[in-house]
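**Q** The structure under discussion is supplied below as structure tokens; questions concerning it will follow.
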Amino acid sequence: MTHTDGYTTETIIGLEVHVQLKTNTKLFCGCSTTFGAAPNTQVCPVCLGHPGALPVINEQALELAVKAGLALNCDIPPVTKWDRKQYFYPDLPTGYQISQFDLPICAEGYLDIGTDSSGDAERKIRILRAHLEEDAGKSMHDEASGQFDTRIDLNRCGTPLLEIVSQPDLRSSLEAKEYLNELKLRMTHLGISDCEMQEGSLRVDANVNLHIHVDGKKIATPIVEIKNMNSFRAVERAIDHEVDRQYDVWEETGKTIKDESKTTRGWDDQAGRTFLQREKEESADYRYFPDPDLLPVRIPRERVQAIQSTLGEMPGEVRERLQTQYGIKAYDAEVIVNQGKDFIELYETVVTICGDGKRASSWFQQDILRTINEQQIAVSEFPISGTDLGTLILKITTGELDNSRARDVFQHMLDHGDSAEASIKALGITSVDSSELEGLCRELLTENPHVVEDYRNGKQQAIGSLIGQAKKRNPNANPKTVRELLLQIVETL
Amino acid sequence: MLDSATEILRLQASGEASAVEITQLALERIHASQSGINAFTHINEEGAIAAAKAVDQKRQNGLPLGRLAGIPIAVKDILCTTDMPTTCSSKMLQNFVAPYDATVISKLRNEDAILVGKTNMDEFAMGGSTETSFFGVTRNPWNQLATPGGSSGGAAACIAAGTVPLSLGSDTGGSIRQPAAFCGVTGLKPTYGRVSRYGLVAFASSLDQIGPLAWSVEDVALLSEVICGFEPRDSTSLDQPAPSLLSAIQSTDLRGIKIGILEDALVRDGLDESIRRAVMDAAEIFKQAGAEIIEIKLPHSDHYVPAYYVIAPSEASSNLSRYDGAHYGHRSTNLASESVTKNGPLAATYCQSRSEGFGTEVKRRIMIGTYALSEGYSDQYYNQALKARRLIKGDYDAAFNQVDLLLGPTTPTTAFPLGEHLDDPLQMYLVDLFTVGANLAGIPAISLPAGLSEAGLPIGIQLQAPALHESQLIFAGAAYQAATPHHHLRPENFRF
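These protein sequence lines map, in sequence, to chains C and P.
Numbering-wise, the first sequence is residues 179 to 671 according to the working numbering.
Numbering-wise, the second sequence is residues 4 to 499 according to the working numbering.
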């Protein structure tokens, strides 16, 4: 990027992403992880940090963490261990968070972003590590009733998080967004996490600074960690803002990475700017040490391989396969894959029955996606079965229904839960005898001599107006067949 | 009758005494002893009588009874109980009632034991004299000017005072064995992981272990069999069946057993001559019973206490951070306004609640541990201590390649006068010289009464065994008690 005064800058971004693992119970106790329960109802002596209570590792969390690691091309070391990260806060009832310090469950990996239709990645973003840790509770500061009033909800205490730390390999806010999209896609595709930023099951912190090239020298600005971003769009905007801000501050003060240690800034989405939260990062000494209540965990190669074998296709692989197998466009394949596993499965069921990938794809991009969005339902709740949808689309392919009649049938299927056949019957759609159609066409041509005239004068499209009239007289008339008949007959007149 | 659990079982079976009668007697003696000895922080008057009635009822109805049916048992006030406060003898938890029973407590209840009360201890088990208790010192029934030892001072004193036949203590660096030695009773620290720590309020998690105290090895074996065993709620619990210990008492023939006598320990400066002699006498008794005696050295024994006093406070500093006044326990009600102004209301609440709630020794260890774990110091202290710990384990591994058991003193001295070491923490820490090794290595060890000093204070000798070999300790300990009268000695004012 070149700024107005001519200096070339490079944006350096590293992301720390917390994803909440989709386990039934918490990381170290049997409490439920369901979101939205009444405050302090999903707690027990363990996650309340009561004296004498002890943590026990949740095997499902280990399983999902390994799965996530494999999806991010990480090495899974044979031994991982637990460390206590110590700090005082009322939503952390033990006074320490059980986390992983030097032996994370997932070691180095990478994520390809900007993958094009040929499957070639434009950028490989390295992942430093991913480690498991327990979440803290929530503090709700009630400012209305004075500064002393803070409510604590400990339901979230002990919820399993996987913190995925990228190398500072991202070079723009767009790349950051692509990285997050791809990461989220993989986590949701594999059922590892819901990745709902609004519910806090995905959280992003961004470390950002600039490399400014001045007279052949590279000057690095101080590193800023941005927090409080509530959507991918916010991440994009916050980074863009921070890039401009850091450049301006550098121009103003000339301060570089050597002059100032890392600071933490919050993102104010409404104001569209970051604000200073914490000045000096080095003040925190978490006094990490191995948690004596938990044993190191061995993850034998065989277990990793077993989990690997359950992974199935990655989203990128599905995208490619849909294109080659069904002949659909890269963009369309992406739309289908982005909707998740259930959507892909529904699509493939439909294609198996109707045998027309492109037509099915167009129905999925439009009618089906629109229905899902309008009704705000999960794919698994879609009211029409794959078999029925396939049957419907097959009838278009065979010419039994035209697109517009098919939409009527689709609507009827949605409204009444009938099969395709039953809906067709209910709507009184019957196929029209060809001699009957021929009669209709002759009738129309006789009644509209000016159309015949126009056609003879070279205006082929004049025929089109008769197709609409045919539909009016007999709604079951197939426009394609009508058109063919009209052309045949007009030539003989 | 209250000095033998097996005798109590027999009396009830024969109909000579009911559980209620036995429990009432125990409660009477507890009340009578409190003003002088102060072994209890809580007396479970109603609960105990109700439990005893239930046992008698069961017996009347011919229902099956647990292995500890109708036996009054006292438990250290560090074990969580739903029907009694769990204070750890700290102001911090003065009014705290746990929402659940510790696993060992559930096991006692399941075996129809009668929980008569909670026993006094050093605050959060930090100390060796029960003098750091918020509820006042416990006195030694053998000499009320002397300490009963600690931290499980109340658990040892309540037996020596004749109030109950059995108690549970916890041992992080000697906290069962040292008070057992000072009070002339038998105390066992099982292998680390043998007894579930679920519900044992943590002091130093990698060292803490629950264990029984009683007059005799036989009673210790009885209670051990009940409390040992794998439990999934404690990740450090060993996946091993509870050991069969009472059956280890069948024979007193020690032929084929090799016992290593700890040579270095016997030439230590500061070891009482009477204790040295008791160890030598014990060696002779074991030899008479057929054991082979070999001299053994633990080469790194100088490092045991220093390593212990880094590791234990480090873990403690972390374990005790949960007492912040925010969720339960003591919360300061009169925050100093200058503190609120300077630190904000939250930090002020933390600081003042912890300052008021913890005693001096607890604060000292939190500070030592916090320092030892700090960035830039942890390599010098905490990590260095972990290396020493590996060497210590190596010491024991090498020793147990040669012998089955190790014999030595439990403590360098007999019970010291109350107040003697209170202002001298280093002297207090040296009391743990012979006991911390078993905790650092995770192995089982037992302290056996071995007679009285010239001053009339009990002497304890210690046997240590390889991990999971509690049965060897019980076997040799019972043989020793079969050949000696020491465990039958009773303090003058408590002969019933």
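In this text, a Cβ means the ideal position worked out from N, Cα and C, and glycines have one as well.
If you're wondering where the values come from, they're calculated on a predicted model, not measured in any experiment.
Just to confirm, is the Cβ distance from C/L570 to C/V587 under 7 angstroms?
**A** As a position in the first sequence, residue 570 of chain C is number 392, starting the count at 1. As a position in the first sequence, residue 587 of chain C is number 409, starting the count at 1. The answer is yes: Cβ separation under 7 angstroms.
**Q** Is C/H391 near C/T189, with beta carbons less than 7 angstroms apart?
**A** Stepping through the first sequence from its first residue, residue 391 of chain C is reached at position 213. Stepping through the first sequence from its first residue, residue 189 of chain C is reached at position 11. Their beta carbons are not under 7 angstroms apart, which means C/H391 does not touch C/T189 by this criterion.
**Q** Any Cβ of chain P within less than 7 angstroms of the Cβ of C/R456?
**A** As a position in the first sequence, residue 456 of chain C is number 278, starting the count at 1. False, the Cβ-Cβ gap to chain P never drops below 7 angstroms.
**Q** Against chain C, does P/Q144 count as a neighbour if the rule is that its beta carbon must be under 7 angstroms from one of theirs?
**A** Working through the second sequence from its first residue, we reach residue 144 of chain P at position 141. Checking the sequence, you will find Pro at residue 144 of chain P rather than Gln. Not closer than 7 angstroms to any Cβ of chain C, the Cβ of P/P144 fails to qualify, so no.
**Q** Please go through the stretch 243-311 of chain P and give each complete alpha helix (DSSP H) segment of 4 or more residues, from N-terminal end onward.
**A** 266-269, 276-291, all fully within the stretch 243-311 of chain P.
**Q** Quick check: the stretch 561-568 of chain C against the stretch 584-599 of chain C, are there 3 or more CB pairs under 8 angstroms?
**A** As far as the Cβ criterion goes, the stretch 561-568 of chain C touches the stretch 584-599 of chain C, which means the pair count is three or higher.
**Q** Per DSSP, what kind of secondary structure is P/H490 in: helix, strand or coil?
**A** Within the second sequence, the letter at position 487 stands for residue 490 of chain P. Residue state, collapsed to three classes: helix.
**Q** Quick one: list the residues of chain C neighbouring P/H333, beta-carbon separation under 9 angstroms, in chain order.
**A** Along the second sequence, one-based indexing puts residue 333 of chain P at 330. Within chain C, no residue comes near P/H333; the closest Cβ sits about 13 angstroms away, beyond 9 angstroms.
**Q** Quick one: using the 10 Å Cβ neighbour count with 16 as the cut-off for buried, is C/E341 buried or exposed?
**A** Stepping through the first sequence from its first residue, residue 341 of chain C is reached at position 163. With 16 or more other Cβ atoms within 10 Å, it is buried.
**Q** Between which two residues does the alpha helix (DSSP H) holding P/Q212 run?
**A** Counted from its first residue, the second sequence places residue 212 of chain P at position 209. Where P/Q212 is concerned, there is no enclosing alpha helix (DSSP H), although the beta strand (DSSP E) it sits in stretches over 212-217.
**Q** Can you give me the C-alpha to C-alpha distance between P/L410 and P/A292, rounded to a whole angstrom?
**A** Residue numbering aside, residue 410 of chain P sits at position 407 when the second sequence is read from its first letter. Residue numbering aside, residue 292 of chain P sits at position 289 when the second sequence is read from its first letter. Those two C-alpha atoms are separated by around 15 angstroms.
**Q** Can you check whether the C-beta of C/V234 is within less than 7 angstroms of a C-beta belonging to chain P?
**A** Taking the first residue of the first sequence as position 1, residue 234 of chain C is located at position 56. With 7 angstroms as the cut-off, C/V234 counts as an interface residue toward chain P.
**Q** Keeping to the same chain, check which residues put their C-beta closer than 8 angstroms to that of P/L2; ignore five residues upstream and five downstream.
**A** Residue coverage of chain P in this structure runs from 4 to 499, which leaves residue 2 of chain P outside it and unanswerable.
**Q** Between which residues of its own chain and C/E669 is the CB-CB distance below 7 angstroms, once the five residues before and five after are set aside?
**A** Taking the first residue of the first sequence as 1, we reach residue 669 of chain C at position 491. Excluding sequence neighbours, C/E669 sits near nothing in its chain.
**Q** Examine chain C for any beta-carbon lying closer than 7 angstroms to the beta-carbon of P/L376, and answer yes or no.
**A** Here residue 376 of chain P refers to the residue found at position 373 of the second sequence. Chain C, which has a Cβ nearer than 7 angstroms to the Cβ of P/L376, makes this yes.
**Q** Residues in the same chain with beta-carbon distance under 6 angstroms from P/F499, minus the five sequence neighbours each way, listed in chain order, please.
**A** The residue labelled residue 499 of chain P in the question sits at position 496 within the second sequence. Contacts found: G165.
**Q** Can the beta-carbon of C/T399 be found closer than 7 angstroms to that of C/W445?
**A** Residue mapping note: residue 399 of chain C aligns to position 221 of the first sequence, counting from 1. Residue mapping note: residue 445 of chain C aligns to position 267 of the first sequence, counting from 1. Going by C-beta atoms, C/T399 is not nearer than 7 angstroms to C/W445.
**Q** Which residues in chain P have a C-beta closer than 9 angstroms to the C-beta of C/D320? List them in chain order.
**A** Here residue 320 of chain C corresponds to residue number 142 of the first sequence, with the count starting at 1. Those within 9 angstroms of C/D320 in chain P number zero; the least Cβ separation is about 14 angstroms.
**Q** Which one of P/A286, P/G445, P/P412, P/N337 has the shortest CA to CA distance from P/A482?
**A** The sequence position of residue 482 of chain P within the second sequence is 479, counting from 1. Considering only alpha carbons, the answer is P/A286.
**Q** Around the C-beta of C/I555, are 16 or more other C-beta atoms found within 10 angstroms, so that it is buried, or is it exposed?
**A** For the purposes of this step, residue 555 of chain C is identified with residue 377 of the first sequence, where counting begins at 1. Under this definition C/I555 is an exposed residue.
**Q** State yes or no: is the C-beta of P/R197 within less than 7 angstroms of the C-beta of P/C161?
**A** Translated into positions along the second sequence, residue 197 of chain P becomes position 194. Translated into positions along the second sequence, residue 161 of chain P becomes position 158. Cβ distance not < 7 angstroms, so P/R197 and P/C161 don't count as in contact.
**Q** Is any beta-carbon of chain P found at less than 7 angstroms from that of C/D463?
**A** Counting from 1 along the first sequence, the entry for residue 463 of chain C is found at position 285. For C/D463, the answer is yes, since a Cβ of chain P falls inside 7 angstroms of its Cβ.
**Q** Alpha carbon to alpha carbon, what distance is there between P/P469 and P/G480?
**A** Within the second sequence, residue 480 of chain P is the residue found at index 477, counting from 1. Within the second sequence, residue 469 of chain P is the residue found at index 466, counting from 1. Near 15 angstroms, if we compare the C-alpha coordinates of P/P469 and P/G480.
**Q** Could you tell me if P/Y201 is buried or exposed, where buried requires 16 or more neighbouring beta carbons within 10 angstroms of its beta carbon?
**A** Here residue 201 of chain P corresponds to residue number 198 of the second sequence, with the count starting at 1. P/Y201 comes out buried.
**Q** Please list the partners that P/S317 has in chain C, where partner means a Cβ-to-Cβ separation under 8 angstroms.
**A** Start at 1 with the first residue of the second sequence, and residue 317 of chain P comes out as number 314. Within 8 angstroms Cβ-Cβ: F467.
**Q** Pull out every residue of the stretch 200-218 of chain P whose Cβ sits closer than 8 angstroms to any Cβ of chain C, in chain order.
**A** The stretch 200-218 of chain P vs chain C, Cβ under 8 angstroms: R200, Y201, G202, L203, V204, A205, A207, S208, S209.
**Q** Are the C-beta atoms of P/Y353 and some chain A residue less than 7 angstroms apart?
**A** In the displayed structure, chain A is absent; the protein chains listed are C and P.
**Q** Using beta-carbon positions only, say whether C/E300 and C/G292 come within less than 7 angstroms of one another.
**A** The residue you call residue 300 of chain C lines up with position 122 of the first sequence. The residue you call residue 292 of chain C lines up with position 114 of the first sequence. Going by C-beta atoms, C/E300 is nearer than 7 angstroms to C/G292.
**Q** Could you check whether the stretch 19-27 of chain P touches the stretch 50-69 of chain P, counting it as contact only if at least three pairs of C-beta atoms, one from each stretch, sit closer than 8 angstroms?
**A** Touching, yes.
**Q** List the whole-angstrom C-beta distance separating P/K261 from P/Q97, where the pair is believed to meet the contact cut-off of C-beta under 8 angstroms.
**A** In the second sequence, counting from the first residue as 1, residue 261 of chain P sits at position 258. In the second sequence, counting from the first residue as 1, residue 97 of chain P sits at position 94. So it is not a contact: roughly 50 angstroms between Cβ atoms.
**Q** What are the complete beta strand (DSSP E) segments, minimum 3 residues, inside the stretch 90-169 of chain P?
**A** Fully enclosed beta strand (DSSP E) runs of 3 or longer: 117-122.
**Q** Tell me, please, which residues DSSP counts as bridged to C/Y288.
**A** Numbered from 1 along the first sequence, position 110 holds the residue referred to as residue 288 of chain C. In DSSP, C/Y288 forms a bridge with C/R304.
**Q** Assuming the contact rule is C-beta atoms closer than 8 angstroms, C/V630 and C/L567 should be a hit. Round their C-beta distance to whole Å, please.
**A** The sequence position of residue 630 of chain C within the first sequence is 452, counting from 1. The sequence position of residue 567 of chain C within the first sequence is 389, counting from 1. Between C/L567 and C/V630 the Cβ distance is about 42 angstroms, and since that is not below 8 angstroms, they are no contact.
**Q** Closest by CA to C/I435, which one among C/K355, C/V386, C/V475?
**A** Numbered from 1 along the first sequence, position 257 holds the residue referred to as residue 435 of chain C. The residue with the shortest Cα to Cα distance from C/I435 is C/V386.
**Q** Of all the residues that make up the stretch 250-276 of chain C, which are near chain P by a beta-carbon distance shorter than 7 angstroms?
**A** Residues R262, Q264, F266, P268, P271, T272, G273, Y274.
**Q** Curious, which full-length alpha helix (DSSP H) runs of at least 4 residues does the stretch 330-393 of chain C contain?
**A** Correct list: 351-367.
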